[in-house]
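Numbering-wise, this note's numbering comes out as the position in the sequence shown, counting from 1, plus 1. We put the CB at the ideal spot given by N, CA and C, even for glycine. Please read these numbers as outputs of a predicted model, since none were measured by experiment.
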Amino acid sequence: MSEHEATKRIWKRLPGTKGIRFFEHAIRKHNRRPDRYFSVRWTRNGRDVEEGIGWSSEGWQTDTIIDARHTLQKNYKRGLTPSTFAELREEQEKQRRAREAADAAENVQAMTFREFFERYYVPWKRDRRKRRTWLDDLKRANHRIFPFMGDLPLDAITSELLEEYMDELYADGLADGTVLHHIAIVRSVFNRAANTTVHGVKVFPGVSPVDGIELPRSDNPRTRYLTRDEADLLLQSCREREADAPRESIAASWRDLHDAIVLSLNTGLRLGEIQRLEWADLNFFGQTLTVRQMRDRKPGGTVPLNKVVTDMLKGRLAVRDKSTPLVFVPKGAGRYRKISHMFRDLVLELGLNADVTDSSQKLVFHSLRHSFASWLALAGVDIYRIKTLMRHKTITMTMRYAHLIPDASRGAVELLCAPPAASPKVLYLHHAKTADGPVY
2 MSEHEATKRI WKRLPGTKGI RFFEHAIRKH NRRPDRYFSV RWTRNGRDVE
52 EGIGWSSEGW QTDTIIDARH TLQKNYKRGL TPSTFAELRE EQEKQRRARE
102 AADAAENVQA MTFREFFERY YVPWKRDRRK RRTWLDDLKR ANHRIFPFMG
152 DLPLDAITSE LLEEYMDELY ADGLADGTVL HHIAIVRSVF NRAANTTVHG
202 VKVFPGVSPV DGIELPRSDN PRTRYLTRDE ADLLLQSCRE READAPRESI
252 AASWRDLHDA IVLSLNTGLR LGEIQRLEWA DLNFFGQTLT VRQMRDRKPG
302 GTVPLNKVVT DMLKGRLAVR DKSTPLVFVP KGAGRYRKIS HMFRDLVLEL
352 GLNADVTDSS QKLVFHSLRH SFASWLALAG VDIYRIKTLM RHKTITMTMR
402 YAHLIPDASR GAVELLCAPP AASPKVLYLH HAKTADGPVY
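Set out below in structure tokens:
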């Protein structure tokens, strides 16, 4: 049977309706019945016209047709659109394309650094550069870049995270030139992402985070740490903004920032470690948390928790989102960025970086980790214990805090200002028999 014969139009009126009719396909079935094509007869601009609707296999059924016709008739009388099934199909198609575009945009903008690097950056560079160049980039990315930021969405990688990344490279003993090589790769990836369009959506429409950093010199590491008053001001400001927030989502963001500050100040955790922290990493009985040892990442280990942190984490546990293992739950791709950006904006608002011209001495989220170590040093904790708590690979990185540890040197030189003590009496052994008491 030919297609023409299969679709021979024997029109029938749709029972229970007025002006709606159909014919059946001789071969094609839908829900075990012949597929039906529907049409409607109505008056438009003073003329009786018939308009095709569509097949039942396309979703058209008696109730949907009646409802749609009723809506279209009302629109026609009011001079609104859509007022015909053709206009309705056109509108539905626009909505479908808009949904697909929105889904594509969401998927594209959630693309991780690793995914973009492997799917788009490497093929692009391989086609334009020498083999050795892109192979070197791939080697450096696998060894040091991916472990730090590979699984983060591109728009979650901030200037602050890159500064933390550079601190870790220097802590591993890398020279300035090597650090520059790694940052150059990151810069190139973001530049490429800004010029790459996938499904009509630009992969990275923002400003490259590399543009917001200055490479620190190896002899000028970041040493700024908070005073106790500055820390109290930050935490109190977070609590006030949480209380005054107009919506729960905003209040939750300030609560996250407050708790992240508390956690870093009392444990020395890095921002990335806080972001990756899971409830399974916590041991409330032993009052410790575990930073997991991951390939090519900074050293993991067990971190002791004081009462302040324990109470804070128990409070979060009571209201945790059980659908995720994360302690700090990201709400979409931008959530990671929000903590660091909120901290930056709060510091700016409070004037904690006022009159600071050296970018390496500006207060950033990573300064909380420096504050943890500095406070330990000021409290007299020995340098090797600080190294353990900071999980440094070598003592070299920890020695930046050594000058803060109180020592006996000042007391020793102050002895020179004291009056000379009386010369002690010398007792010779042959006089021992006249001395008071025994001689040892």
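Under the three-pair Cβ rule at 8 Å, the segment 74-82 does not count as touching the segment 111-128. Residue 321 and residue 327 have their C-alpha atoms spaced approximately 9 Å apart.
For residue 38, the pairing in a beta bridge is given by DSSP as 24, 56.
Annotation for residue 305: the continuous beta strand (DSSP E) segment containing it runs 302-305. Taken through DSSP and simplified to helix, strand or coil, residue 263 comes out as helix. Annotated as distal: residue 363 and residue 300, with beta-carbon spacing of 8 Å or more. Taken in chain order, the unbroken stretches of alpha helix (DSSP H) that lie wholly in the segment 90-166 and span 4 residues or more are 114-117, 123-129, 132-141, 147-150. Under DSSP, residue 31 shares a beta bridge with 34.
By a beta-carbon distance limit of 8 Å, residue 211 does not contact residue 225. Their separation comes to about 22 Å.
DSSP, read as helix, strand or coil, puts residue 354 in coil. Taking C-beta atoms under 8 Å as the contact rule, residue 325 and residue 304 fail to qualify, at a distance of about 21 Å. Minimum Cα-Cα distance from residue 93 among the listed residues 207, 40, 60 corresponds to 60.
Beyond the five residues adjoining it in sequence on each side, residue 261 comes within less than 6 Å, by CB distance, of 275, 340 in the same chain, given in chain order. In the DSSP assignment, residue 43 forms a beta bridge with 50. Residue environment for residue 250: exposed (fewer than 16 other C-beta atoms within 10 angstroms of its C-beta). Residues of the same chain with a CB within less than 8 Å of the CB of residue 354, apart from the 5 flanking positions on each side, are 348, 363, 364 in chain order. Beyond the five residues adjoining it in sequence on each side, residue 123 comes within less than 7 Å, by CB distance, of 135, 139 in the same chain, given in chain order. Annotated as proximal: residue 268 and residue 310, with beta-carbon spacing under 8 Å. Looking at the DSSP output, residue 199 bridges to 202. In this structure, the alpha-carbon of residue 191 lies about 20 Å from that of residue 178.
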